[in-house]
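Its first residue numbered 225, the sequence shown is counted upward by one per residue in our numbering. Scroll down for the structure; my scribbles are underneath it.
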Amino acid sequence: MTELILSLDVTGLKEALRIAGACAPEIDAIKVGYPLALAAGLGIAGELAGFGLPLIADFKVADIPNTNTLICEQVFAAGFSAVIAQGFPGPDSVAACVEAAHAHGGECYVVAEMSHPGALTFFSAGVPERLCEIVAETGADGIIAPATRPERVRALRALIGKKKILSPGIGAQGGDPAEIAPLVDGMIVGRSIYGAADPAAAARTYAPYRR
Ligand code: NUP
């Protein structure tokens with residue numbers, strides 16, 4: 225099953241609800257990041273709950289363990305079902321997010337390698353591989369890996385086995401859904417859906433890649 229995850233990076237509450245409502249039948253989850261959460265508040269999770277889809281908080285949590293716990297408690301209390309954390313602060317910081325997620329019946333994903341060109345400045349030379357070890361050590365549920373580099377997704381899949389891979393970078397960043405869908409558990413798509421004149425129709429174009 226390759227899910228389609230709408231990255232809802234708009235900054236208006238009404239616009240967010242309109243797009244989420246139109247796309248809901250075509251998607252499997254909604255990802256909310258800083259743009260929408262800072263604009264609309266964490267209560268956005270409650271506003272989106274009516275669509276009945278899992279809600280992923282893309283806050284790339286990256287602090288000391290205690291602060292990570294405090295952040296994740298807020299995320300799950302608000303109604304999110306998963307959180308995305310950075311792995312570079314280390315295994316104890318990631319473990320704090322994983323524990324908070326699992327205590328609420330939620331999931332925690334760790335960024336293994338980012339999708340933009342500049343990511344290779346630091347997400348290289350064995351770092352993503354080490355981050356995958358941290359995923360295994362902490363019991364995190366999966367990784368974020370770049371749709372812009374399918375060969376890297378393949379390499380990271382070999383390390384994490386059956387844990388989930390959610391992959392951003394499809395569409396606006398150049399990633400090809402036909403190539404990436406068979407490799408991952410979730411396609412994360414933002415601008416090419418929410419920026420389209422007809423977001424529901426744009427979401428439907430990914431239907432052939434949802435297995
Ligand atoms: O490596 C990453 N790349 C990435 O694009 C990790 C992410 N979390 N994202 C997020 O995915 C990014 O912040 C945005 O919310 C979404 C991709 O959106 P788009 O490029 O499809 O518009």
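All C-beta atoms in this analysis are idealised placements derived from N, C-alpha and C, irrespective of residue type, glycine included.
{"Asked": "For P278, which residues from the same chain have a beta carbon less than 8 Å from its beta carbon, with the 5 sequence-adjacent residues on both sides left out?", "Found": "D252, A253, I254, S305 and A306"}
{"Asked": "DSSP on I254, reduced to helix/strand/coil?", "Found": "strand"}
{"Asked": "Determine, for A301, whether the minimum Cβ-Cβ distance to residues of chain B falls below 7 Å.", "Found": "The displayed structure is made up of one protein chain only, and chain B is not part of it."}
{"Asked": "In chain order, which continuous runs of the alpha helix (DSSP H) of length 4 or greater are located wholly inside the region 340-380?", "Found": "351-362"}
{"Asked": "Can you tell me which of the three DSSP states D282 falls into?", "Found": "strand"}
{"Asked": "Assuming I412 is part of the beta strand (DSSP E), what are its boundary residues?", "Found": "G410 to V413"}
{"Asked": "Buried or exposed: which applies to S339, given that a residue is buried once 16 or more other Cβ atoms fall within 10 Å of its Cβ?", "Found": "buried"}
{"Asked": "Beta carbon of I288, beta carbon of A336: below 7 Å?", "Found": "no"}
{"Asked": "Evaluate the contact criterion for the region 352-360 versus the region 400-413: three or more CB pairs, one atom per stretch, below 8 Å.", "Found": "no"}
{"Asked": "Is the beta carbon of A369 closer than 7 Å to that of L380?", "Found": "yes"}
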